[in-house]
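Comments concern the structure below.
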Amino acid sequence: MSKAFEKDFQVAVIGGGVCGLACAAALQKAGISVQVFEAAVPFAEIGAGIGLGPSGVHSLNAMDLLDAVLQNINSNDLGSRGFLFHSGLGEHELVYDYPPAPEDASISMHRAAFLNALVELVDPQNTHFNKRCTSISESPTDPKRLLVHFIDGNTHETDVVLGADGIKSAVRHFVVAKADEPPRHNLAFSNTVAYRGLIPYAQLEAAGFKTRLTDRPVCFLGPSKHIIVVPIKNGELINVAAFSARYDIPTGSHNLPEGAPWVDQVSREDIQKDFDGWGVDVATLFRFMPEKTMRWSVHLVYPSLENYSKGHVAPLGDAAHGMLPHLGAGAGQGLEDALLLVRLLSHPETQTENLQSVLEAYSTTRRPRAQMVWEASHRAGSVYDHHGPHGPTAIGMAQDLRDLWKPIWRYEVDNDIDTAISVLRTNATFSQ
Ligand SMILES: Cc1cc2nc3c(=O)[nH]c(=O)nc-3n(C[C@H](O)[C@H](O)[C@H](O)COP(=O)(O)OP(=O)(O)OC[C@H]3O[C@@H](n4cnc5c(N)ncnc54)[C@H](O)[C@@H]3O)c2cc1C
Numbered sequence: 001m002s003k004a005f006e007k008d009f010q011v012a013v014i015g016g017g018v019c020g021l022a023c024a025a026a027l028q029k030a031g032i033s034v035q036v037f038e039a040a041v042p043f044a045e046i047g048a049g050i051g052l053g054p055s056g057v058h059s060l061n062a063m064d065l066l067d068a069v070l071q072n073i074n075s076n077d078l079g080s081r082g083f084l085f086h087s088g089l090g091e092h093e094l095v096y097d098y099p100p101a102p103e104d105a106s107i108s109m110h111r112a113a114f115l116n117a118l119v120e121l122v123d124p125q126n127t128h129f130n131k132r133c134t135s136i137s138e139s140p141t142d143p144k145r146l147l148v149h150f151i152d153g154n155t156h157e158t159d160v161v162l163g164a165d166g167i168k169s170a171v172r173h174f175v176v177a178k179a180d181e182p183p184r185h186n187l188a189f190s191n192t193v194a195y196r197g198l199i200p201y202a203q204l205e206a207a208g209f210k211t212r213l214t215d216r217p218v219c220f221l222g223p224s225k226h227i228i229v230v231p232i233k234n235g236e237l238i239n240v241a242a243f244s245a246r247y248d249i250p251t252g253s254h255n256l257p258e259g260a261p262w263v264d265q266v267s268r269e270d271i272q273k274d275f276d277g278w279g280v281d282v283a284t285l286f287r288f289m290p291e292k293t294m295r296w297s298v299h300l301v302y303p304s305l306e307n308y309s310k311g312h313v314a315p316l317g318d319a320a321h322g323m324l325p326h327l328g329a330g331a332g333q334g335l336e337d338a339l340l341l342v343r344l345l346s347h348p349e350t351q352t353e354n355l356q357s358v359l360e361a362y363s364t365t366r367r368p369r370a371q372m373v374w375e376a377s378h379r380a381g382s383v384y385d386h387h388g389p390h391g392p393t394a395i396g397m398a399q400d401l402r403d404l405w406k407p408i409w410r411y412e413v414d415n416d417i418d419t420a421i422s423v424l425r426t427n428a429t430f431s432q
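With UniProt numbering as the guide, the letters of the sequence shown map in order to residues 1 to 432.
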């Protein structure tokens, strides 16, 4: 017996990452017909961590997905830990202590565990792996419908396409394409690389590492670089992400050569050279980085998109606004997108006829917020890297650090829903 759906339209979500799976699981819960197409093979995820701030946690909860995620984490993965900022130079003086607060409850966990929790909520018959979307076109039989094209030559016809296909999004190309103009990518190298590795804490301690490491993340600040140090596995391991940026190159003016890998390996000596002259704890840290360490060339959506929708197609998450990771806000922003999309698509007055207006309301509501967070993430990196507006003194940096998180974390996500619905009432898409 075929399943009865609440709506007269079907949704295809391209990309089964953090935002795609959350969006699909919540749409399915709302009784909407949804199919997910993911380029990777199942369970290809490896090692990386994910941090979700309060607005991301709230969005998950509002989509009724939080409990499933919480079942997959350790009790100390949820909570407020604040942030400690130390100078990366000299004696590593404490520059600023962003204190933990109960209203800042965040989740920090393995990405794979997060995805496993969500994938179980989506009907396996509607989850298609090894399906890389290459492009989207109008359906040849019904111009209101869309045809999703895959690298294997197959296609899928649907009413709505949500592009959760990450920073290299194929869906974004459809949204930004302009007739008679060369293809656009809106993608740029951020002139920032991240070295990432895990170090056993016992080794650091034995080598005389002095900065006190508790369960709170620590950020070492310095000229054009910073290092985030997060104790994991009850403090047994230290997760290190060291960022090195070039401020003399304007964003978008220097991209990696076509086809160059975004992730490669460098030697421990290469990192030590990059951080030459930093304080003794930083030198100790890098003595214990793995001999071969991953280096990520961090990319951005740049220039920013003029719209987050075109017809019945809408990107979300990194596909819409891939940003610098310096506020750990990328996934949270994508979950805010997902929540609004789910609420709008499942609204009683949404139907095939008004889908375009509904997705436009998503775009006009989400774009300013996500763009603000994109810019704040940029600004955060500048402050950590001694390029903040109040300069590189401890007092200047403390002043710039103090208010970085509030607008990101203390945000009433539900207001977006009211705003978008009010836009739809004002333009007569929905009744008063
Ligand atoms: C060094 C670093 C540290 C970070 N730390 C944090 C952090 O602490 N907190 C945080 O919130 N964010 C962090 N981020 C950012 C965060 O990882 C992203 O914002 C988040 O993963 C975006 O989720 P997404 O679902 O939009 O994209 P992704 O998680 O990238 O998922 C995209 C999915 O789409 C699939 N896909 C790609 N192309 C196609 C295609 N053509 N067809 C079908 N499927 C496709 C991919 O295989 C993938 O599964 C960090 C990023 C970096 C680089």
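Heads up, the beta-carbon is just placed ideally off N, CA and C, and yes, glycines get one too. Small disclaimer: the values here were computed from a predicted structure and weren't measured.
task: Look up Trp296 in the DSSP assignment and give the residues it is bridged to.
output: Ala194 and Val263
task: Tell me whether Met1 is buried or exposed, calling it buried when 16 or more other Cβ atoms sit within 10 Å of its Cβ.
output: Residue confidence for Met1 is low, a pLDDT of 44 falling below 50, so the modelled location carries little weight and cannot support an answer.
Buried/exposed call for Asn186, threshold 16 Cβ in 10 Å: buried
task: Return the first residue and the last residue of the alpha helix (DSSP H) that Leu204 is part of.
output: Tyr201 to Ala206
Separation of Ser309 from Leu146, as counted between CA atoms: 14 Å
task: Pick out whichever of Ala4, Glu6, Phe9 and Gly20 has its Cα sitting closest to the Cα of Leu339.
output: Gly20
task: Verify whether the separation of the beta carbon atoms of Ser190 and Leu300 is less than 8 Å.
output: yes
field: Beta-carbon proximity check, Gly163 vs Pro315, cutoff 8 Å
entry: yes
message: Could you compute how far the alpha carbon of Lys225 sits from the alpha carbon of Met397?
response: 14 Å
query: Is any heavy atom of ligand 1 found at a distance shorter than 7 Å from the C-beta of Gly330?
result: yes
field: Three-state secondary structure assigned by DSSP to Ile151
entry: coil
message: Applying the 10 Å Cβ sphere with the 16-neighbour rule, what's the burial state of Ser169?
response: buried
task: Kindly examine ligand 1 and report whether one of its heavy atoms sits closer than 7 Å to the Cβ of Ile32.
output: no
field: Nearest neighbour of Ser87, chosen from Ala194, Lys210 and Ala25 [CA to CA]
entry: Lys210
message: By the three-class DSSP mapping on this structure, what secondary structure does Met1 have?
response: Only weak support is given to the placement of Met1: the predicted model assigns it a pLDDT of 44, under 50, and the question is left unresolved by the model.
message: Quick check for students: name the residue ranges of the beta strand (DSSP E) that lie wholly in the region 110 to 186, counting only runs of 3 or more.
response: 133 to 138, 146 to 150, 155 to 158 and 160 to 163
message: Going by DSSP in three states, Pro102 sits in which element: helix, strand or coil?
response: helix
- prompt: Grouping DSSP H, G and I as helix and E and B as strand, with all else coil, what is Asn239?
  reply: strand
field: Length of the line joining the Cα atoms of Ala112 and Ala241
entry: 19 Å
task: Please name the residue in Leu324, Asn307 and Gln272 whose C-alpha comes closest to that of Trp296.
output: Leu324
field: Leu70 beta carbon less than 8 Å from that of Ser106
entry: no
query: Any idea what DSSP makes of Asp8, helix, strand or coil?
result: coil
message: Bridge partners for Ser108 per DSSP, in chain order?
response: Gly51
Exposed unless 16 or more other CB atoms sit within 10 angstroms - verdict on Leu327: buried
query: Measuring from the CB of Lys168, is there a heavy atom of ligand 1 at a distance below 7 Å?
result: yes
- prompt: How would you write the range of the alpha helix (DSSP H) that Val41 sits in, first residue to last?
  reply: Unbroken run through Val41: none, as it is neither H nor E.
Opening and closing residue of the beta strand (DSSP E) in which Gly332 lies: Premise fails: Gly332 lies in the alpha helix (DSSP H), Gly330 to Leu345, not in any beta strand (DSSP E).
query: What residue does the alpha helix (DSSP H) around Ile408 start on, and which one ends it?
result: Lys406 to Trp409
- request: In the DSSP assignment, find the unbroken alpha helix (DSSP H) run with Ile395 in it and report its ends.
  value: Ala394 to Arg402
message: Tell me which residue opens and which closes the beta strand (DSSP E) that Ala314 is part of.
response: Val313 to Pro315
- prompt: What is the rounded straight-line gap between the Cα of Met109 and the Cα of Ser431?
  reply: 43 Å
- prompt: For Lys131, is the beta carbon positioned less than 7 Å from some heavy atom of ligand 1?
  reply: yes
query: Which residues does DSSP pair with Ile232 in a beta bridge?
result: Leu237
- prompt: Nearest to Leu401 by CA position, among Ala40, Tyr96, Ala62 and Val11, is which residue?
  reply: Tyr96
- prompt: Shortest alpha-carbon distance to Thr158 belongs to which of Gln272, Gly311 and Val122?
  reply: Gly311
task: Could you tell me if Leu256 is buried or exposed, where buried requires 16 or more neighbouring beta carbons within 10 angstroms of its beta carbon?
output: exposed
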